[in-house]
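Student: First the structure, which I've put down as structure tokens, then a few questions once you've had a look.
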Ligand code: SF4
Ligand code: SF4
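In our numbering, the protein residues as written are 3 to 247.
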């Protein structure tokens with residue numbers, strides 16, 4: 003198994019925009035507060051996701067944010083018999099005040115963008131917004147609540163490009179970032195389909211209905227996602243024999 007230097011990864015700065023939380027965004031990235039969306043269970047801080055190796059690293063050095071371990075659930079997604087994608091879901095109730103800032107999860111460190119990656123070359127091919135909640139903004143035609151996304155996306159993406167390229171040198175992380183990209187693309191297509199087939203829905207009604215579908219595994223085409231992830235797993239494993247996920 004590849005030995006990833008998680009300590010070095012946690013030392014990287016992805017987004018260098020001090021004080022962006024004072025820009026009037028209500029710390030949207032941590033609270034998910036928005037008048038446009040309405041959820042019952044996926045409320046403030048839900049959907050915190052760790053790659054399994056990342057979570058185990060933070061556990062081994064005792065650097066989880068307050069409350070994270072109690073809220074954590076280990077998850078698996080079978081790609082084919084004997085091959086599973088493994089991650090940990092948690093919830094953050096800190097409302098933007100991390101208890102150990104330098105050890106906030108990678109998903110927080112790289113926000114607001116995730117890389118789109120080519121599994122054949124490891125190259126970054128573009129960027130996408132970083133959470134399942136963000137897929138709603140283009141569909142409902144509302145402006146993105148994150149000030150950085152609205153006002154300086156290119157600058158932030160250029161800040162992220164270097165450190166993300168370093169992460170993608172690791173086949174494990176290349177695979178998981180690619181899987182995340184495929185997952186968010188599927189979710190985005192599902193939200194668009196739901197919107198198109200319910201044109202009279204308000205954005206609150208749309209998000210409520212979507213939440214129910216999402217929590218019951220019906221919000222996107224799971225089988226197609228599985229097929230796409232398996233295809234790209236094989237490409238990456240072919241390039242990096244011995245890849246363990
Ligand atoms: S990353 Fe975006 S949403 Fe989060 S604090 Fe900065 S401007 Fe606000
Ligand atoms: S860990 Fe910190 S950055 Fe991440 S959601 Fe919680 S408060 Fe926000």
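In this text, a Cβ means the ideal position worked out from N, Cα and C, and glycines have one as well.
Inspect the beta-carbon positions of residue 31 and residue 67 and report whether they are closer than 7 Å.
Tutor: No, they are not a contact pair.
Student: What residue does the alpha helix (DSSP H) around residue 157 start on, and which one ends it?
Tutor: Where residue 157 is concerned, the enclosing alpha helix (DSSP H) stretches over 155-169.
Student: Roughly how many angstroms separate the alpha carbons of residue 33 and residue 110, rounded to a whole number?
Tutor: Rounded to whole angstroms, residue 33 to residue 110 spans 12 Å at the Cα level.
Student: Does residue 231 come out as helix, strand or coil in the three-state DSSP assignment?
Tutor: It is helical.
Student: Is any non-hydrogen atom of ligand 2 found closer than 6 Å to the C-beta of residue 252, if you look at the structure I gave you?
Tutor: A question about residue 252 goes unanswered here, because the residues of the chain that appear run from 3 up to 247.
Student: Measuring CB to CB, does residue 173 end up less than 7 Å from residue 85?
Tutor: No; because the gap between Cβ atoms is not below 7 Å, this pair is not in contact.
Student: In terms of residues, what are the limits of the alpha helix (DSSP H) holding residue 142?
Tutor: 138-142 is the extent of the alpha helix (DSSP H) around residue 142.
Student: Under 6 Å from any heavy atom of ligand 2, does the C-beta of residue 215 make it?
Tutor: No.
Student: With a threshold of 6 Å on Cβ separation, who are the neighbours of residue 151 within its own chain once the five nearest residues in sequence on each side are excluded?
Tutor: If we look at residue 151 and ignore the five residues flanking it on each side, its Cβ neighbours are 114.
Student: Should residue 161 be counted as a contact of ligand 2 given a C-beta to heavy atom distance under 6 Å?
Tutor: For ligand 2, not one heavy atom lies less than 6 Å from the Cβ of residue 161.
Student: Does the stretch 191-206 come into contact with the stretch 152-160, if we say contact requires no fewer than three beta-carbon pairs (one atom in each stretch) closer than 8 Å?
Tutor: No, the stretch 191-206 is not in contact with the stretch 152-160.
Student: At the level of alpha carbons, what is the spacing between residue 202 and residue 27?
Tutor: Straight-line Cα distance between these residues: approximately 28 Å.
Student: From the DSSP output, in three-state form, read off residue 226 for me.
Tutor: Reduced to three states, the DSSP call for residue 226 is helix.
Student: Who does residue 89 pair with in a DSSP beta bridge?
Tutor: Beta-bridge pairing links residue 89 to 53, 77.
Student: When the distance is taken between beta carbons, is residue 213 closer than 7 Å to residue 44?
Tutor: Yes, the pair counts as a contact, with Cβ atoms nearer than the cut-off.
Student: Can you list, in chain order, the residues of its chain whose CB lies under 6 Å from that of residue 242, leaving out five sequence neighbours each side?
Tutor: The answer, listed in chain order, is 173.
Student: With DSSP run on the structure shown, which of helix, strand or coil describes residue 121?
Tutor: Here residue 121 sits in coil by DSSP.
Student: Report yes or no: do the stretch 89-100 and the stretch 44-64 share at least 3 C-beta pairs separated by less than 8 Å?
Tutor: Taking 8 Å as the limit for Cβ pairs, the verdict is that the stretch 44-64 does touch the stretch 89-100.
Student: By Cβ distance, which residues of its chain are closer than 6 Å to residue 166, with the 5 residues on each side in sequence left out?
Tutor: So the list reads 117, once near-sequence residues are dropped.
Student: Could you tell me whether the Cβ atoms of residue 142 and residue 205 are closer together than 7 Å?
Tutor: Contact flag set, yes.
Student: Three or more C-beta pairs under 8 Å: does that hold for the stretch 121-138 against the stretch 56-74?
Tutor: Verdict: no, contact absent.
Student: Give a single yes or no on whether residue 114 has its beta carbon closer than 6 Å to a heavy atom of ligand 1.
Tutor: Flag set: Cβ of residue 114 near ligand 1.
Student: Hey, quick one: how far does the alpha helix (DSSP H) through residue 177 stretch, first residue to last?
Tutor: 173-199 is the extent of the alpha helix (DSSP H) around residue 177.
Student: Could you tell me which of 175, 58, 103, 236 sits nearest to residue 74, measuring between CA atoms?
Tutor: Taking only the C-alpha atoms, the option nearest residue 74 is 58.
Student: Does at least one heavy atom of ligand 2 sit under 6 Å from the Cβ of residue 96?
Tutor: Yes, the beta carbon of residue 96 sits closer than 6 Å to at least one heavy atom of ligand 2.
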